[in-house]
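These notes concern the structure reproduced below.
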Amino acid sequence: MAETSKPPLEILLSAPRGFCAGVDRAIQIVELALEKFGAPVYVRHEIVHNRYVVDSLRRKGAVFVEELDEIPDDGQPVVFSAHGVPKSVPEAARSRQMFFLDATCPLVSKVHKEAQIHFKRAREIVLIGHAGHPEVIGTMGQLPPGAVSLIETVADAEAFQPRDPEQLAYITQTTLSVDDTAAIVKVLTARFPAITAPHKEDICYATTNRQEAVKRIAASVDAMIVVGAPNSSNSQRLREVAEREGCPVSVLIQRAAEIDWTVLGTLRRVGVTAGASAPEVLVEEVIDAFAARYAVIVEVVQTAEETIAFNLPRELRPAAAA
């Protein structure tokens, strides 16, 4: 197709998008462990929910497992994923004298600490989140069975019956829909006015910022492309936010090859964003795919600046090697 015959297309590129500080730190932990200790470095669960990232680390020598019993006693490092793990996992690692590095996002660790404080103060704990998500499993696993009740929907919040409404607290998964969570919290606070809220919002800054960026452009584009994995909670929420804001077509894809051009239909303006686990190279790949079919103009729509960075584990800091 000759360049002059390509139809025009405006791409509104959400910012912030893609990697957050927690994801960046988790990937660095695996890469630095490989550099310092050599392959293999074992990783319990996907370090972050992105196949491209996982495959890239696997090529460098990372070995991904679901449980510790899949790991031989060879003295090589074990990394726990950014989503966090139940307390039983590091306990099992210590019992086998494993050398482990915890890549849990510090903002997830904050929720773990909140849960432990509430438990010490004899509060019944409600966790707003999605059943089966690794972060939820890790958070509930900080405390004895039955200490945390999971609420997924407004209907769950309306039906919930606490042991004592005066001794109740809620925490949340960090990657939820801001609007959906607000609706659940509204029900809980109306039913249980004494409920203790987090001192600071549990939904992380990156999740909030990416959803706000999508809201800014969703109603003004013909389609929204969210680059991310189907098992990535924050990526799924971005697709839902775009849909809710009135975008006619909102799709979640892992790679440009997954774009279904027939579903997108006639396009004049497209929004593109990426979940917090998706590297920028995949966003560039999507823009290139559009550029092969359209005369593309890209406009970045910036709604927030992100400057947060998290410290690496002491074992991997440059000073530790000195």
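Each residue of the sequence shown is one higher than the one before, starting from 1 at the first, in full-length UniProt numbering. We put the beta carbon where it would ideally sit given N, CA and C, even for glycine.
In the DSSP assignment, find the beta strand (DSSP E) that holds Gln161 and state where it starts and stops. Careful: Gln161 lies outside any beta strand (DSSP E) and carries neither H nor E.
Just verifying my parser: in three-state terms, what is the DSSP assignment at Met98? coil
Reduced DSSP secondary structure (H/G/I, E/B, other) of Pro134: helix
For Gln173, does the three-state DSSP call read helix, strand or coil? coil
Simplified DSSP assignment, three categories, for Tyr52: helix
Roughly how many whole angstroms lie between the Cα atoms of Tyr170 and Ala206? 21 angstroms
To the nearest angstrom, how far is the alpha carbon of Asp74 from that of Leu32? 19 angstroms
Given a threshold of 16 other Cβ atoms within 10 Å of its Cβ, counted over all protein chains shown, does Phe80 qualify as buried or as exposed? buried
If you scan the segment 177-244 from start to end, which runs of the alpha helix (DSSP H) of 4 or more residues do you find wholly inside it? 178-191, 205-218, 233-244
Whole-Å CB distance - Gly129 paired with Gln173, under 8 angstroms assumed: 3 angstroms
Residues bridged to Ser149 (per DSSP): Val126
What's the gap between the Cα of Gly265 and the Cα of Ile125? 47 angstroms
Tell me, to the nearest whole angstrom, how far the beta carbon of Val298 is from that of Leu13; I am working on the premise that it is less than 8 angstroms. 6 angstroms
Do you know whose CA, among Ala21, Ile117, Gln76, Phe119, lies nearest Ala82's CA? Ala21
DSSP bridge partner residues for Ala274 (one or two, in chain order): Val227
Separation of Ile184 from residue 408, as counted between CA atoms: Nothing about residue 408 can be read from this structure; the chain reaches only from 1 to 322.
Same chain only: Cβ atoms within 8 angstroms of Val249, ignoring 5 sequence neighbours per side: Asp222, Ala223, Met224, Val263, Leu264, Gly265
How big is the Cα-Cα spacing for Leu101 and Ala190? 42 angstroms
CA-to-CA distance, Ser5 to Thr175, given in whole angstroms: 42 angstroms
Taking Cβ to Cβ, would you say Arg17 is nearer than 8 angstroms to Arg210? yes
For Val85, three-class secondary structure by DSSP: coil
With H, G and I counted as helix, E and B as strand and the rest as coil, what does DSSP make of Pro318? helix
Secondary structure at Ile117, three-state DSSP: helix, strand or coil? helix
Within 8 angstroms, do at least three Cβ pairs link the segment 154-168 to the segment 97-111? no
What does a CB cutoff of less than 8 angstroms around Ala131 pick up in its chain, not counting 5 residues either side in sequence? Leu150, Glu152
For Pro279, count neighbouring C-beta atoms within 10 Å of its own C-beta (all shown protein chains included) and say buried if the count is 16 or more, exposed if not. buried
Is the beta carbon of Ile71 closer than 8 angstroms to that of Tyr52? no
Could you give the distance in angstroms between the alpha-carbon of Ser277 and the alpha-carbon of Thr196? 31 angstroms
Test item: CB-CB of Val85 and Val48 under 8 angstroms: no
How many Å lie between Glu67 and Ala103 at the Cα? 16 angstroms
Determine the closest residue to Gly61 out of Pro230, Val136, Asp55, Pro40, with distance taken between C-alpha atoms. Pro40
Have a look at Arg123 and Arg163 and give me their C-alpha separation to the nearest angstrom. 10 angstroms
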